[in-house]
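In our numbering, the protein residues as written are 39 to 125.
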């Protein structure tokens with residue numbers, strides 16, 4: 039192997055190591071607890087839900103104590119009413 043190829047290989051390895059180090063120390067995405075839809079509705083009605091994002095049938099949210107959760111909307115026609123009534 040000639041000197042140019044060796045130098046290029048060394049720099050590629052250094053770049054890969056640096057990328058792995060920075061990825062490990064970057065901000066972590068919060069893990070979401072999967073909950074039953076009935077538990078979600080109960081939490082909404084008791085005022086324990088701070089924020090909700092609905093994307094298709096997937097509901098993601100944050101509780102009042104900062105825990106992230108995810109649940110599945112079974113097509114409940116009363117969902118929006120429950121959310122608005124307990125805003």
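Each residue gets a CB set at the ideal place from its N, CA and C atoms; glycine is no exception.
> Sorted by chain position, which residues of the same chain lie with C-beta nearer than 8 Å to residue 89's C-beta, five sequence neighbours on each side aside?
Replying inline: 99, 100
>> Comparing C-alpha positions only, which one of 43, 85, 72 sits nearest to residue 111?
In response: 72
> Where does residue 92 fall in DSSP's three states?
Replying inline: strand
> Would you report the Cα separation of residue 124 and residue 67, rounded to the nearest angstrom?
Replying inline: 28 Å
> Which value, in whole angstroms, describes the spacing of the CA atoms of residue 97 and residue 47?
Replying inline: 46 Å
> Exposed or buried, residue 69, counting other C-beta atoms within 10 Å across all chains shown (16 or more means buried)?
Replying inline: exposed
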